[in-house]
């Protein structure tokens with residue numbers, strides 16, 4: 001019979017990762033195992049939101065308030081609007097903590113950097129995890145098609161057993 005002392009649950013806030021976290025919570029209770037929830041924050045996946053153009057941005061006003069439109073040949077001289085970076089990491093961590101609290105289970109939540117599959121495997125090795133639990137789908141289907149899913153990479157690269165929850 002399989003036994004585990006330390007479990008890792010990969011969590012990104014998606015419905016599939018919620019199912020995986022619930023399964024990891026159940027297994028943690030069954031095995032009396034420590035649970036670590038991991039969220040892999042990949043800076044390349046951070047959503048970038050550009051400020052909407054402001055009325056008159058980049059235009060100069062002459063005389064009676066008539067806007068002069070910038071010369072397109074000199075457009076590169078106009079500095080772009082500042083960018084805002086949106087990251088859901090704090091929201092995702094709060095959601096994982098809420099699910100754990102609701103199940104009356106204590107555990108760690110760790111934020112990992114870099115490629116999700118590699119980061120999860122390295123962290124699982126570092127904390128001597130016995131099982132990695134992950135949802136079956138990525139949120140971004142195009143990314144999955146082009147690069148493969150995190151769960152597929154984990155199951156093929158990891159020496160630690162991986163449970164893929166559907």
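Numbering (full-length UniProt numbering), first residue to last: 1 to 166. Backbone N, C-alpha and C define an ideal beta-carbon position, used for all residues, glycine too.
- Query: What's the C-alpha gap between residue 20 and residue 135?
  - Reply: Using only the alpha carbons, I get a separation of about 5 Å.
Quick check on the burial criterion: 16 or more other C-beta atoms within 10 angstroms. Buried or exposed for residue 94?
exposed
### Message
Just verifying my parser: in three-state terms, what is the DSSP assignment at residue 110?
### Response
The DSSP-derived three-state label of residue 110 is strand.
Exercise. Identify every residue that forms a DSSP beta bridge with residue 10.
Key: 38
Starting from residue 164, follow its DSSP beta bridges and name the residues at the other end.
134
Exercise for review: Assuming residue 2 contacts residue 37 (C-beta within less than 8 Å), just tell me the rounded distance between them.
Suggested key: Wrong, their Cβ atoms sit about 21 Å apart, outside the cutoff.
**OP:** Could you check how far apart the C-beta atoms of residue 163 and residue 131 are, in whole angstroms? I think they sit under 8 Å.
**Re:** 6 Å
Item checked: Integer-rounded CB distance, given that residue 41 should sit under 8 Å from residue 89 -> 5 Å
I need the boundaries of the alpha helix (DSSP H) containing residue 33, first residue and last residue. That residue, residue 33, is in no alpha helix (DSSP H); it is neither H nor E in DSSP.
| request: Let me know if residue 151 comes out buried or exposed under the rule of 16 or more other beta-carbons within 10 Å of its beta-carbon. | output: Its Cβ being crowded by 16 or more others within 10 Å, residue 151 is buried.
Report yes if the C-beta distance between residue 6 and residue 119 is below 8 Å; otherwise report no.
no
Given a cut-off of 8 Å on the beta-carbon distance, is the pair residue 107 and residue 27 in contact? no
Span separating the alpha-carbon of residue 104 from that of residue 18
16 Å
Exercise for review: State the Cα-Cα distance for the pair residue 109 and residue 100, rounded to the nearest angstrom.
Suggested key: 10 Å
Give the DSSP-derived three-state secondary structure of residue 3 in the structure shown.
coil
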